[in-house]
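Take a look at the structure set out below.
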Amino acid sequence: MDFKVEIAKLLKSSIESLSEEEILDIIEIPPNSDMGDFAFPCFKLSKVMRKAPQIIASEISENIQKPDFISEIKVLGGYVNFYLNNYMVIKQVLDKVLLEKENYCKKEPKKETVIVEYSSPNIAKPFHIGHIRTTVIGHALYKLYKYMGYNTVGINHLGDYGTQFGKLIVAYKKWGNVDELKQEPIKTLLKLYVKFHEEEEKDSTLTDDARAWFKKLEEKDEEAVRLWTFFREESLKEFSKVYDMLGISFDSYAGESFYSDKMPAVIEEIKEKNLLQDSKGARVVDLEQYDLGVALVQKSDGSTLYLTRDIAAAMYRKKTYDFYKNIYVVGSQQILHFKQFKKIIELMGHDYAKDCIHVPFGMVALEEGTLSTRKGNVVFLEDVLNNAIEKTKTIIEEKNPNLQNIDELSKQIGIGAVVFQELSNSRTKDYIFSMEKTLSFEGETGPYVQYTHARACSVIRKSNGFDYSNATYKTLADNEDAVSIIKILGTFDDALEKAMLKNEPHHIARYVLDLSQAFNKFYHSNSIANIDDEEMKKDRLALTKAVTYGISSALNIFGIKSPEQM
Ligand code: ARG
Numbered sequence: 001m002d003f004k005v006e007i008a009k010l011l012k013s014s015i016e017s018l019s020e021e022e023i024l025d026i027i028e029i030p031p032n033s034d035m036g037d038f039a040f041p042c043f044k045l046s047k048v049m050r051k052a053p054q055i056i057a058s059e060i061s062e063n064i065q066k067p068d069f070i071s072e073i074k075v076l077g078g079y080v081n082f083y084l085n086n087y088m089v090i091k092q093v094l095d096k097v098l099l100e101k102e103n104y105c106k107k108e109p110k111k112e113t114v115i116v117e118y119s120s121p122n123i124a125k126p127f128h129i130g131h132i133r134t135t136v137i138g139h140a141l142y143k144l145y146k147y148m149g150y151n152t153v154g155i156n157h158l159g160d161y162g163t164q165f166g167k168l169i170v171a172y173k174k175w176g177n178v179d180e181l182k183q184e185p186i187k188t189l190l191k192l193y194v195k196f197h198e199e200e201e202k203d204s205t206l207t208d209d210a211r212a213w214f215k216k217l218e219e220k221d222e223e224a225v226r227l228w229t230f231f232r233e234e235s236l237k238e239f240s241k242v243y244d245m246l247g248i249s250f251d252s253y254a255g256e257s258f259y260s261d262k263m264p265a266v267i268e269e270i271k272e273k274n275l276l277q278d279s280k281g282a283r284v285v286d287l288e289q290y291d292l293g294v295a296l297v298q299k300s301d302g303s304t305l306y307l308t309r310d311i312a313a314a315m316y317r318k319k320t321y322d323f324y325k326n327i328y329v330v331g332s333q334q335i336l337h338f339k340q341f342k343k344i345i346e347l348m349g350h351d352y353a354k355d356c357i358h359v360p361f362g363m364v365a366l367e368e369g370t371l372s373t374r375k376g377n378v379v380f381l382e383d384v385l386n387n388a389i390e391k392t393k394t395i396i397e398e399k400n401p402n403l404q405n406i407d408e409l410s411k412q413i414g415i416g417a418v419v420f421q422e423l424s425n426s427r428t429k430d431y432i433f434s435m436e437k438t439l440s441f442e443g444e445t446g447p448y449v450q451y452t453h454a455r456a457c458s459v460i461r462k463s464n465g466f467d468y469s470n471a472t473y474k475t476l477a478d479n480e481d482a483v484s485i486i487k488i489l490g491t492f493d494d495a496l497e498k499a500m501l502k503n504e505p506h507h508i509a510r511y512v513l514d515l516s517q518a519f520n521k522f523y524h525s526n527s528i529a530n531i532d533d534e535e536m537k538k539d540r541l542a543l544t545k546a547v548t549y550g551i552s553s554a555l556n557i558f559g560i561k562s563p564e565q566m
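Residue numbers (the UniProt record's numbering): 1 to 566.
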């Protein structure tokens, strides 16, 4: 039983003017439990009905027949507040968690397909700390949609095309060598790129050479394609190290180059729809009337652009996957780009424009002194992760020197910590990355959550297989600490739903932090396994087991491991 839905049904029986869905949307979870478990604010209705909210609230509550799962209905201010019957909630929530285990609240498969495009670094460029957000948020959303039952397609829209590849080919042919490139692909390619720009200042024929080589690449010249493939593959190998560390893989690596041969058709269609204009030999779409400026779709030399490739990609994805949603996890610097792109496909008459969703995020900066940078001011994501692992190792060796498997655990905790802190931040805010805060076992961190999970596992381990499978939960109803854990467990569905609707994983982080805090409070003020009362012991162990599932289900969606010992 979904209590929120049941309450919406109940309210519907005494509210004419709103649909059940609308009511569901209005119902809130009050900030503290003195105000009930659910509240229905009457302010919106008050405007429509031209009556004071308090009066409406009273009328509603008088008309409602209190069902068994509700212990009390109170009118407070302009709210109708509902208090659930503790025992019924306990029974329902714990039965469900213990049945569904680490797939708690996972949804049945649906037929719709959701594409999540994320990470999408540029070939031959560093995979740096700035990429952490798209990579980690995107991966969490990908896993979330999967959890919610959608068919999901994770796409890495690699930046693997553009005139810079002409420059790289020239530079490589002049100054590069295979072994060096294979050893350290990104560093070497970056160096070649920088050298090209330095030399270009002195020798302008280089510019022409680069243009000529890019043209060859477009024309699928054998040597150009071979070198480009080599750069792409070596870069990908290096990116993959980070993906492996994070446990990420993609369903498709169709990046910008994939669309290079699909450009003429796109330009043709834009033209057919009367959207294409000439501007000094270049082709543009005028979006001034939508306040989106003028969008360049083809340069005067005939080459296409980032924007045009995105239009082609959306068309291709619709045709290939018939997506229900096509989500782009890309920084907020590209808001204008995505608005232009959406507007153009909308004007082209593609109604799926509305299903293309840009999920932007703020910037990340490193706290001063967090990590010394490799040469050239860029902080590689790989270095951040390795540093987190190393530091974690020192921390856990000190805390628990007898722990087995310290290396593997340091990875799970160190990487989990970086991922968790990323997802616990509100997506749209800028933030400062602090390694110390991230790795702390206290506060709102990944290690804190993992530690809580391990603590709960250890309680169960120490109970030596005591059988709690027929717990009745009767002793939990008067235990305030226990009830508050269960109520938080009961909000997971809501957190998942919100996280999905807003493409905002931090709702899940909030849930798992609240759950951890509540369990730790319970743990500190109640004995769990060391009690004589057998009924109570069963109930408390069952609750403890439920907490492990409540935590691991959430961390799973984040791609974070839940070690049983740490
Ligand atoms: N490669 C781009 C960058 O690093 C991000 C690509 C975003 N995705 C897209 N479909 N435009 O800035």
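Cβ atoms here follow ideal geometry from the backbone N, Cα and C, with glycine treated the same way.
Assigned exposure category for residue i - 16 Cβ within 10 Å defines buried
{"i": "Glu272", "result": "exposed"}
{"i": "Asp533", "result": "exposed"}
{"i": "Ile248", "result": "buried"}
{"i": "Ser553", "result": "buried"}
{"i": "Val97", "result": "buried"}
{"i": "Val330", "result": "buried"}
{"i": "Met500", "result": "buried"}
{"i": "Gln524", "result": "With the sequence shown as reference, residue 524 is identified as His, and Gln is not the correct amino acid for it. Exposed: under 16 other Cβ atoms inside 10 Å."}
{"i": "Ser19", "result": "exposed"}
{"i": "Glu117", "result": "buried"}
{"i": "Leu555", "result": "buried"}
{"i": "Pro53", "result": "buried"}
{"i": "Gly154", "result": "buried"}
{"i": "Leu99", "result": "exposed"}
{"i": "Arg374", "result": "Note that Arg374 has pLDDT 47, beneath the 50 cutoff, so the model's placement of it is unreliable and no number is given."}
{"i": "Leu476", "result": "buried"}
{"i": "Ser424", "result": "buried"}
{"i": "Gln183", "result": "exposed"}
{"i": "Phe165", "result": "buried"}
heavy atom of ligand 1 below 8 Å from residue i C-beta
{"i": "residue 587", "result": "In the structure as shown, the chain begins at 1 and stops at 566. Residue 587 is therefore absent and cannot be evaluated."}
{"i": "Leu305", "result": "no"}
{"i": "His337", "result": "yes"}
{"i": "Gly159", "result": "yes"}
{"i": "Tyr259", "result": "no"}
{"i": "Ser562", "result": "no"}
{"i": "Gln334", "result": "yes"}
{"i": "Val114", "result": "no"}
{"i": "Asp310", "result": "yes"}
{"i": "Asn530", "result": "no"}
{"i": "Pro121", "result": "yes"}
{"i": "Val330", "result": "yes"}
{"i": "Glu238", "result": "no"}
{"i": "Glu6", "result": "no"}
{"i": "Glu288", "result": "no"}
{"i": "Glu117", "result": "yes"}
As assigned by DSSP and simplified to three states, the class of residue i
{"i": "Phe466", "result": "coil"}
{"i": "Gly550", "result": "helix"}
{"i": "Asn122", "result": "strand"}
{"i": "Glu219", "result": "coil"}
{"i": "Glu180", "result": "helix"}
{"i": "Thr445", "result": "coil"}
{"i": "Asp286", "result": "strand"}
{"i": "Gly138", "result": "helix"}
{"i": "Gln298", "result": "strand"}
{"i": "Ala471", "result": "coil"}
{"i": "Tyr511", "result": "helix"}
{"i": "Gly159", "result": "strand"}
{"i": "Lys74", "result": "strand"}
{"i": "Asp278", "result": "strand"}
{"i": "Tyr253", "result": "coil"}
{"i": "Pro185", "result": "helix"}
{"i": "Phe69", "result": "coil"}
{"i": "His131", "result": "helix"}
{"i": "Ile486", "result": "helix"}
{"i": "Tyr243", "result": "helix"}
{"i": "Ile528", "result": "coil"}
Closer than 8 Å: residue i CB and nearest ligand 2 heavy atom
{"i": "Asn151", "result": "Ligand 2 is not part of the structure shown, which contains ligand 1 as its ligands."}
At 3 residues or longer, and completely inside the stretch 359-418: list those beta strand (DSSP E) runs for me, N to C. Complete beta strand (DSSP E) runs here, min 3: 364-366.
Suppose only complete runs of 4+ residues qualify. What are the alpha helix (DSSP H) ranges in the stretch 320-347, listed by chain order? Fully enclosed alpha helix (DSSP H) runs of 4 or longer: 335-347.
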